[in-house]
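See structure below.
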Amino acid sequence: MKRLTSLFSLLCLTLCLPAQEAAAPPPPEIILSVPAGYYPEAISLDIQCPGGKVYFTLDGSTPTQRSARYQNPITIQETTVLRLLATYEDGRDEVLEGHTYFIGEPETSFATISIGIDPSTLFHPFHGLFMLGANAVDTLWKKPGANFWSKRETTCNLEIFESNGQCVYRSPSGFRLFGGMSRLFPQKSIALVARDEYGEHRIDHEIFGKPGKKKFKFLVLRNSGSDFGKSHFRDALMTSLVEDWDLETQDNRPAHVYINGRYWGIYNIREKINRYFIDSHFEEVENDSVDIMEHRYTVKRGSARHYRSLLRYLEEHDLSEPGHFDYVATQMDIDNFLDYQIAQIYFDNQDAGGNIRYWRPQTERGRWRWILYDTDWGFGLHEPSAFEHNSLAFHTNPDGPAWPNPPWSTFLLRKLLENEDCRHRFVNRFADRLNTSFEPQRVLDQVNFFYERLKPEMPRHLDRWKLSRTDWNFHVNVMRTFAQERPGYVRMHLMEYFQTGAQRKVSVGSTKGGQVVLNENLTITSDTLLGTYFERFPISLGVVAHHGYRFSHWEGVIAGDERRELSLSLAPGDTEVYAVFEPYIHPLESKLVINEISPKSGDAGDWLELYNGSKERLNLAKWTLSDLKQNTFTFPAVTIEPNDYLVIAEDSVGFRAKYPKAYNVIGGLDFGLNKRQESIALYSILGAMVDSISYEAPPVDSAFVLSLLLPDLNNSDPQNWAFRPGTGTPNAANPYYVESRVRAQQTRWMQIGLAGGVFVLSLLLLVLRQRRIL
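Quick note, the sequence shown lines up with residues -24 to -1, 1 to 750 if you use mature numbering (1 follows the signal peptide of the UniProt record, and there is no 0).
Dropping the structure here:
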């Protein structure tokens, strides 16, 4: 028995020891006595590497076993990238690291990026990427054949330091040059790539300070493009002016950059436009199933087949016919494209035709969308009086030169404007943007924001590249003038091109309890909008009531009008209109509820489910659903029985194929349910909010469902919802409700069984007692 016990103990010990070893964290390969970072004066650095040898370089080059071997403390007296190689005799892999020590550098509120790279890779006179090289045709301004036109990717050590001096990312990474003609400048744009073959497969940090966007495959260090040597923030400014539009834009952030310890100036950190960019902005889109194109037909990812098919349709059909225009709207996002054109026209981007980027998800309903990219040639880059330019004529010119506005680059807008409704939408949408996003004081405030942010940091950059402070201030003032003068000229160009009639001043607002939707574009709450519109282009008005309110009537020029949606012609003089809301609780509140939500559920499409907990059969004709972006779905003639369900699906055919037992289903939900964050509201025919929910779901790659635990729970409380991967239960009770009913029945039968058992036992005891007595 003792032998068996000893053998068992030995076996347990043998099994446990490897587990303990595996669970213990590996010791650090290289230990530095002083961490990388900022120091006011020289430091002495000690390096330890238990069980290994350390080789190092101080010039940015990649260390090898031929490099200097560490034996004694290193004194670092100036900003240096210390690159280390650790080798081991016990079979462990070599370790390659880089650590930057900033010695005596000025204080900064910017992030700092340090790049350590073999000096010959950049500066060798024959093959250095920053050099002309042996094959450049130096007599031509584009310098064809120069090394800096290379697309070669090499390796570097990348470190990112936050504004507090802490290193938040360190890894070997890919390095390549980036940009077009801006490669001619001494400060060249750089693309940085995270790859497994180098080190980390993602740059894992909230570079732009936005929660949820913290993993990047690519980053671009941009030299401000054609704006180099001028304002150094032109493109970032223009992007910021439209970042709240439904338009893809690149995030931006200024940073100081060092290469091999030498200061390399201020760069703008930007996202790189590729499939990973799409993935970070549209998490519901599979990044390996997208078409991404640029210029006329150039395919960057996927295929051009769908886009070429769209162009053929446009060439062969007259879009003044509503049916033809409606079909085009299923192939491209019209509002997105109009906003893209509005931005380019307002900016007077003279290179817009050379920087077109657009994409679509490779799905049956995938539509083309446009990405605002490289707008440096706008906002008076080359001409202080550019605010006068008629960019509307430029972007609709059917006979432009090969550059910058060839006919193919203006074709799409010209075709869409054949349609009268689209012309109306374009003019009013442009007016909306001029009254809000491009309102002179707002734009001027943004120019000053960027200027003040750069002002204390800019002298180092200007000195580094031998640029003039006077010139910098001059170009910023050009942008200030553009901000103040541009809207007036654009309005004149709109009046001339579209024959809009006279300008009209309009004031739109609302009382507490709701908001006005102007031109199906702007949402106006208690803050009154004062704007300029046009005589021959009526504005559209709609209302959205907040919870606990309903729309009552209009005041102003249409005082007493009770229509929730209307078109308003603009008479001479000023037009004032205000929506009035009143307190109201709908009788179906908490009875007709949003019960289940399924965003991005594959072939079934998006769908949501309503539950009628009332005792009445409800007719939902002309009721509406709206989302966070004020997209609206209007119910057809449809009813929902008491204690029953109704499913509203994006694609009723695909939905029924997925759920063949579903019985009360309507299709046509033409706005998508966001997979990460969404708000959905249900409104009665009179515009009163009956139910609403908001959710933030965890990031997942597969389909999932959000289910209300019980129909009578408050569905505005996130704790009352269950997140479940997989498919849902349309037209049926949600799983928790079923399980709770089963548990209730089980409990009831247990109680009945227990009561029965007690009764039988009591009866038996009574019988036994009587027998004893007998």
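Using N, Cα and C, we set each Cβ at its ideal position, and we do this for glycine too.
Predicted model only: the values in this text are computed from it and were never measured.
| request: Give the secondary structure of GLU428 by DSSP, where H, G and I count as helix, E and B as strand, and everything else as coil. | output: The DSSP-derived three-state label of GLU428 is helix.
| Nearest to SER43 (by Cα), restricted to the options LEU34, ASP302, PRO49 | If we check each option's Cα against that of SER43, LEU34 comes out closest.
| GLY299 (DSSP reduced to helix, strand or coil) | Collapsing the DSSP output to three states places GLY299 in a helix.
| In chain order, which alpha helix (DSSP H) runs of at least 4 residues are fully inside the segment 108 to 187? | Along the segment 108 to 187, the alpha helix (DSSP H) does not occur as any fully enclosed run of 4 or more residues.
| Where does ASP267 fall in DSSP's three states? | Assignment of ASP267 by DSSP, reduced to helix, strand and coil, places it in the strand class.
| Alpha-carbon to alpha-carbon, ARG418 and PHE513 | Straight-line Cα distance between these residues: approximately 25 Å.
| Rounded straight-line distance, which links the Cα of ASN331 to that of ARG159 | Each residue's Cα considered, the two are about 16 Å apart.
| So with Cβ pairs under 8 Å, would you call LEU160 a contact of chain B? | The structure shown has no chain B; it contains just one protein chain.
| To which residues does DSSP link GLY485 through a beta bridge? | Paired residues: TYR554.
| task | Could you name each continuous beta strand (DSSP E) segment of 3 residues or more that falls completely within the segment 556 to 642, going from the start of the chain to the end? | result | Counting whole runs of 3 or more residues, the segment 556 to 642 contains the beta strand (DSSP E) stretches 568 to 574, 583 to 588, 600 to 602, 608 to 610, 620 to 625.
| field | Straight-line gap, VAL71 to LEU60 (C-alpha atoms, nearest Å) | value | Each residue's Cα considered, the two are about 8 Å apart.
| request: Within its chain, find whatever has a CB closer than 7 Å to the CB of SER545; leave out the 5 residues flanking it on each side and keep chain order. | output: In the same chain as SER545, and ignoring 5 residues on each side of it, the C-beta atoms closer than 7 Å to its own belong to PRO514, in chain order.
| message | Closer than 8 Å is the cut-off here; do at least three beta carbon pairs connect the segment 197 to 214 with the segment 420 to 429? | response | Inter-segment contact for the segment 197 to 214 and the segment 420 to 429 is present: three or more beta-carbon pairs are separated by less than 8 Å.
| said: Helix, strand or coil for PHE355? Go by DSSP, reduced to three states. | reply: Residue state, collapsed to three classes: coil.
| field | Where VAL233 falls, given that 16 or more other Cβ within 10 Å makes a residue buried | value | That one is buried.
| Between which two residues does the beta strand (DSSP E) harbouring PHE78 extend? | Run containing PHE78: 71 to 79, per the beta strand (DSSP E) assignment.
| task | Would you kindly work out how many angstroms separate the C-alpha atoms of VAL484 and VAL553, rounded to a whole number? | result | Taken atom to atom, the span from the alpha-carbon of VAL484 to that of VAL553 is near 5 Å.
| field | Neighbourhood of GLY80 by C-beta distance below 7 Å, restricted to the same chain and skipping five residues each side | value | Same-chain partners within the cutoff: PRO16, GLU17.
| request: Look up SER200 in the DSSP assignment and say whether it is helix, strand or coil. | output: Per DSSP, reduced to three states, the secondary structure at SER200 is coil, with no helix or strand assignment.
| message | Could you pull the DSSP bridge partners for PHE192 from this structure? | response | Looking at the DSSP assignment, PHE192 forms a beta bridge with ILE179.
| What is the DSSP secondary structure of GLN24, reduced to helix, strand or coil? | It is a strand residue.
| query | Taking just the CA atoms, how far does GLN317 sit from TYR659? | reply | In a straight line, the C-alpha of TYR659 is about 33 Å away from that of GLN317.
| field | Member of VAL641, GLU558, GLU433 whose CA lies at the smallest distance from the CA of LEU596 | value | The residue from VAL641, GLU558, GLU433 with its alpha-carbon nearest to that of LEU596 is VAL641.
| said: Which residue wins for smallest C-alpha separation from LYS164, given the options ASP172, SER139, SER126? | reply: Minimum Cα-Cα distance from LYS164 among the listed residues ASP172, SER139, SER126 corresponds to SER126.
| request: Going by CA-CA distance only, name the one from GLY156, ARG288, LEU290 that's closest to PRO120. | output: Among GLY156, ARG288, LEU290, the Cα nearest to that of PRO120 is on GLY156.
| message | Assuming residue 767 is part of the beta strand (DSSP E), what are its boundary residues? | response | Because residue 767 is not part of the residues shown, which for the chain are -24 to 750, the question remains open.
| said: Judging by CA-CA distance, which residue of THR600, TRP240, ALA170 is the nearest neighbour of PRO162? | reply: Of the candidates THR600, TRP240, ALA170, the one whose C-alpha sits nearest the C-alpha of PRO162 is TRP240.
| query | Is it true that the CB of LYS276 sits closer than 8 Å to the CB of ALA167? | reply | No, these two residues do not count as a Cβ contact at 8 Å.
| request: Could you tell me whether the segment 653 to 670 touches the segment 600 to 613, where touching means 3 or more Cβ pairs closer than 8 Å? | output: Between the segment 653 to 670 and the segment 600 to 613 there are three or more inter-stretch CB-CB distances shorter than 8 Å, so the stretches are counted as touching.
| task | Return helix, strand or coil for GLU396, following the three-state DSSP convention. | result | The answer is helix: DSSP assigns GLU396 an H, G or I state.
| Coil, strand or helix - ARG512 by DSSP | If DSSP states are grouped into helix, strand and coil, ARG512 belongs with coil.
| request: Measure how close the beta-carbons of LYS190 and ASP180 come, nearest whole angstrom, since I'm counting them as under 8 Å. | output: Indeed, because the Cβ distance is near 6 Å, the residues count as touching under 8 Å.
| Can you give the beta carbon distance from PRO706 to GLU538, rounded, assuming they're within the 8 Å contact cut? | Not quite, the Cβ-Cβ distance comes to about 37 Å (not below 8 Å), so this is no contact.
| What distance in whole Å lies between the Cβ atoms of LEU213 and residue 753, which are believed to be in contact at a cut-off of 8 Å? | Residue 753 falls outside the range modelled here, since the chain spans only -24 to 750, and no answer is possible.
| DSSP bridge partner residues for ALA521 (one or two, in chain order) | According to DSSP, ALA521 bridges with GLY490.
| query | Exposed or buried, what is ALA407 when buried is set at 16 or more other beta-carbons lying within 10 Å of its beta-carbon? | reply | For ALA407, the number of other beta carbons within 10 angstroms of its own is at least 16, and it is reported as buried.
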